[in-house]
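Letter 117 of the sequence shown, counting from 1, is numbered 647 in the numbering used here, and no numbers are missing. Just so it is clear, CB atoms sit at the ideal spot from N, CA and C, and this is done for glycine as well. Here's the structure we're looking at; comments come further down.
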Amino acid sequence: MTAPDTQTSFSLSAVLSNLKVGLCVLRGELGRMASGVLRCVEARQLRRRMDDEHAALGRRVAELLDADGPASGGLTDDARIRGLADDARVRELAERAAFLRDELARHAAGAEADRERHLARMARCCGPNCTAGKD
């Protein structure tokens with residue numbers, strides 16, 4: 531039997547080091563995929579709620595315009611629009627839709643911030659030679 535030479539132990543050490551980095555990257559990417567799926571579900575729910583609010587707003591505006599239809603007394607379009615803006619239900623629906631739109635924007639900004647934190651975490655985990663997840 532011969533003693534293991536230093537070249538073989540160095541190769542084994544390099545292989546184990548690469549395996550450790552690979553497992554670290556795999557764990558990080560699987561976690562990022564799982565959180566990405568959850569973020570997509572949440573964003574889809576927000577968009578669906580926003581679409582529902584816009585549909586309700588459209589229905590309410592149509593109801594008000596139909597109610598003013600022939601009996602509008604010759605009101606101009608500007609006067610009819612001011613009348614719509616004065617309706618409490620229209621304002622409420624518009625505010626809820628705007629809130630959901632802002633919430634979607636915050637959600638997207640949060641996703642981008644999470645991506646940056648993930649890349650920084652991968653750089654720390656994998657060392658300076660790791661370029662995992664960088665596009």
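The criterion of a C-beta distance shorter than 8 Å is satisfied by residue 633 and residue 576.
Residue 583 and residue 546 have their C-alpha atoms some 55 Å from each other. Sixteen is the threshold: since fewer than 16 other Cβ atoms of the shown chains lie within 10 Å of the Cβ of residue 638, the residue is exposed. Under the three-state reduction of DSSP output, residue 617 falls in the coil class, being neither helix nor strand. As the crow flies, the alpha-carbon of residue 625 is around 14 Å from that of residue 590. Residue 619 and residue 578 have their C-alpha atoms spaced approximately 20 Å apart. Looking at 653, 650, 641 and 645, the one whose alpha-carbon comes closest to that of residue 571 is 641. Burial of residue 627 is indicated by the presence of at least 16 other C-beta atoms within 10 angstroms of its C-beta.
Contact check for residue 580 and residue 630: beta-carbon distance about 4 Å, within the 8 Å limit, so the pair qualifies. It is roughly 12 Å from the alpha-carbon of residue 593 to the alpha-carbon of residue 585. Rounded to whole angstroms, the Cβ separation of residue 552 and residue 648 is 17 Å, and the two are not in contact under 8 Å.
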